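First comes the structure, then the notes that go with it.
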Amino acid sequence: MLSRRKSARLLLAAALLAPAWAQLGSAPVDTAAVDTATVSKSALHKQAELLAREALQDDLAYRLVSSLTTQVGPRLAGTPAEASARDWAVSQLRALGFSNVRVEPFELPVWVRGLERAEIVAPYPQPLVMTALGGSTATGPEGVEGRVVAFASLAALEAAPSAAVRNRIVFIDEVMTRTQDGSGYGVATTKRRQAAYTAEGKGALAVLIRSVGTSKHRFAHTGQMRRLSGGNDRSGVPAAALSAPDADQLQRILAEGNAVRVRIVLTPEQRPAGMSANVIAEIPGSTAPEEIVLVGAHLDSWDLGTGAVDDGAGVGIVVAAAKRVLDAMPGGPQRTVRVVLFGAEEVGLVGAQAYAQKYASTLPQHIVASESDFGAGRIWRFDTGVGEKRVEAAQELGVVIRALGAGRGDNTATGGPDMTYLREAGVPVVGLKQNGWDYFDLHHTPDDTLDKIDPEDLAHNVAAWVSFIYLAANSGQYYR
Numbered sequence: 513m514l515s516r517r518k519s520a521r522l523l524l525a526a527a528l529l530a531p532a533w534a535q536l537g538s539a540p541v542d543t544a545a546v547d548t549a550t551v552s553k554s555a556l557h558k559q560a561e562l563l564a565r566e567a568l569q570d571d572l573a574y575r576l577v578s579s580l581t582t583q584v585g586p587r588l589a590g591t592p593a594e595a596s597a598r599d600w601a602v603s604q605l606r607a608l609g610f611s612n613v614r615v616e617p618f619e620l621p622v623w624v625r626g627l628e629r630a631e632i633v634a635p636y637p638q639p640l641v642m643t644a645l646g647g648s649t650a651t652g653p654e655g656v657e658g659r660v661v662a663f664a665s666l667a668a669l670e671a672a673p674s675a676a677v678r679n680r681i682v683f684i685d686e687v688m689t690r691t692q693d694g695s696g697y698g699v700a701t702t703k704r705r706q707a708a709y710t711a712e713g714k715g716a717l718a719v720l721i722r723s724v725g726t727s728k729h730r731f732a733h734t735g736q737m738r739r740l741s742g743g744n745d746r747s748g749v750p751a752a753a754l755s756a757p758d759a760d761q762l763q764r765i766l767a768e769g770n771a772v773r774v775r776i777v778l779t780p781e782q783r784p785a786g787m788s789a790n791v792i793a794e795i796p797g798s799t800a801p802e803e804i805v806l807v808g809a810h811l812d813s814w815d816l817g818t819g820a821v822d823d824g825a826g827v828g829i830v831v832a833a834a835k836r837v838l839d840a841m842p843g844g845p846q847r848t849v850r851v852v853l854f855g856a857e858e859v860g861l862v863g864a865q866a867y868a869q870k871y872a873s874t875l876p877q878h879i880v881a882s883e884s885d886f887g888a889g890r891i892w893r894f895d896t897g898v899g900e901k902r903v904e905a906a907q908e909l910g911v912v913i914r915a916l917g918a919g920r921g922d923n924t925a926t927g928g929p930d931m932t933y934l935r936e937a938g939v940p941v942v943g944l945k946q947n948g949w950d951y952f953d954l955h956h957t958p959d960d961t962l963d964k965i966d967p968e969d970l971a972h973n974v975a976a977w978v979s980f981i982y983l984a985a986n987s988g989q990y991y992r
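This is the structure in structure tokens:
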């Protein structure tokens with residue numbers, strides 16, 4: 513449970529928000545008395561307001577994240593740890609009273625981390641802090657050693673003649689821009705996804721990149737490289753990310769005009785096949801059960817931390833928010849609320865693709881979808897990604913979220929990474945944008961641990977999400 517001090521602070525937050533909520537109408541109606549087939553829009557808004565108020569004082573999301581990160585820990589896709597996370601999820605969802613709890617498996621190649629060691633051999637011998645990128649090939653136990661050739665960007669590497677790269681260790685020293693919405697990440701990940709393959713084509717021995725992240729601490733950020741089609745995941749030179757301080761150190765030595773030699777040892781293993789799965793739970797709809805409001809998060813994580821911020825927080829948020837709707841409406845909302853905890857997101861949205869393929873025939877009945885996968889920062893904007901004529905209707909789903917302090921966004925929402933295939937198939941999406949100023953300090957690092965989550969911020973997320981879910985499941989509006 514929340515401490516007395518934190519409970520008092522959340523009550524104060526609700527009180528401070530009361531003037532904004534007062535604009536929504538008179539006191540909220542009793543949840544059990546609502547007939548969602550006939551109530552007015554204002555009554556739905558009042559009810560969503562009430563659920564959000566209550567969520568500000570709830571600690572279920574935090575307890576779920578604490579349980580997941582403590583009892584399971586890191587959950588690399590396709591490993592026994594991810595399987596343990598699925599068992600945990602099924603147990604939790606059933607205990608919370610959700611219906612149709614099920615596991616939907618799929619196969620995928622499995623990559624596991626091995627030994628990781630790097631050092632400057634000359635001119636100033638010293639160790640480097642780095643970590644292998646997901647999908648990297650191995651150097652072999654003896655490692656590789658070579659002279660470093662540096663580039664400011666992937667584009668610069670692509671433009672370089674092969675003679676300048678052959679038999680060298682490539683270093684791409686591109687800094688990621690810190691932004692509130694995480695937009696700097698898309699630019700920065702290009703080098704992570706592609707550098708090993710570009711360098712291979714030019715005859716390089718290996719690749720080092722400045723970590724895709726914004727932390728200045730001395731740890732590296734991992735992340736997935738590009739998966740190749742046809743199952744050819746073993747190509748590319750060995751690839752690793754350097755911590756920011758080590759990238760700075762290497763750049764200073766290179767700036768002196770020295771010929772710098774580095775030795776790298778990476779021994780990851782690419783296994784031919786493994787199993788992952790999506791975990792699904794539902795609140796069955798009462799009058800239109802075939803219509804689905806999908807809310808998701810991903811259950812897997814990288815293996816360096818415990819996956820608290822990415823994406824244990826999202827798991828806690830969407831499950832806790834859906835639980836509030838479940839408890840408030842014992843007869844069920846109009847539409848079915850489907851909670852999807854995706855497997856194998858980190859290694860290429862594998863679970864998202866499996867879901868879209870399995871439910872292809874019913875995607876037209878998916879009314880709206882969204883994912884929580886950007887940590888635990890407070891919601892600061894509500895975006896839509898719907899038909900142009902449906903923007904105003906979709907923005908109504910964010911009326912309580914705006915009362916919680918968020919701004920109205922635009923109509924370019926992606927819905928989150930695992931919504932990619934649904935969005936491409938025409939499913940309307942929304943985005944509950946979280947404050948991500950420090951997200952990439954933690955993302956894919958050993959620092960992604962429970963202590964980085966503020967329980968009050970997490971409760972604020974649940975308040976926003978429960979209002980969205982309630983309105984989407986009961987509004988009667990369509991968004992295509």
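If you use the numbering used here, the sequence shown corresponds to residues 513 to 992, in order.
Ideal Cβ placement from N, Cα and C applies to all residues, glycine included.
This one's a predicted model, so the numbers in the text were calculated from it and none came from an experiment.
| Item | Value |
| --- | --- |
| Closest residue to Gly987 among Ala834, Ile879 and Asp966 (Cα-Cα distance) | For clarity, residue 987 is Ser in the given sequence; the question names Gly instead. Nearest of Ala834, Ile879 and Asp966 to Ser987, Cα basis: Ile879. |
| Through-space distance from Thr701 to Val651, alpha-carbon basis | The sequence given here places Thr at residue 651; Val does not occur at that position. Cα to Cα, Thr651 sits roughly 23 Å from Thr701. |
| Candidates Ala918, Pro967 and Asp685: closest to Ala767 by CA position | Asp685 |
| C-alpha distance - Ala534 paired with Glu561, whole-angstrom precision | Annotation note: pLDDT 39 at Ala534 (below 50); position unreliable, coordinate value reported separately. Answer to the nearest angstrom: the Cα atoms are 10 Å apart. |
| Cβ neighbours of Gly819 in the same chain (closer than 8 Å, five flanking residues each side left out) | Leu580, Thr581, Gly585, Pro586, Arg587, Asp812, Ser813 and Asp960 |
| Simplified DSSP assignment, three categories, for Arg704 | helix |
| Span separating the alpha-carbon of Pro639 from that of Gln569 | 48 Å |
| Cβ pair Asp693, Lys945 closer than 8 Å | yes |
| Residue environment, Thr710, which counts as buried when at least 16 other CB atoms sit within 10 Å | buried |
| Tyr867 beta carbon less than 8 Å from that of Asn790 | yes |
| Classification of Leu720 by the beta-carbon crowding that lies within 10 angstroms, buried from 16 upward | buried |
| Arg783 versus Ala593 - alpha carbon distance | 16 Å |
| Among Ile891, Met787 and Gly948, the one whose alpha carbon lies nearest that of Phe618 | Met787 |
| Uninterrupted alpha helix (DSSP H) stretches inside the stretch 915–986 (no shorter than 4 residues) | 932–936, 951–954 and 967–986 |
| Local Cβ density within 10 Å of Gln994, reported as buried at 16 or more and exposed below that | With the chain represented from 513 up to 992, any question about residue 994 goes unanswered, as that position is not in the structure. |
| Whole-angstrom C-beta distance between Val821 and Val837, which should lie under 8 Å | Not quite, the Cβ-Cβ distance comes to about 25 Å (not below 8 Å), so this is no contact. |
| Member of Arg730, Asp758, Ala708 and Lys835 whose CA lies at the smallest distance from the CA of Gln736 | Ala708 |
| Proximity below 8 Å, CB of Val978 to CB of Ala555 | no |
| Sequence-distant residues of its chain with Cβ nearer than 8 Å to Thr926 (five each side left out) | Gly897, Thr932, Arg935, Val941 and Gly943 |
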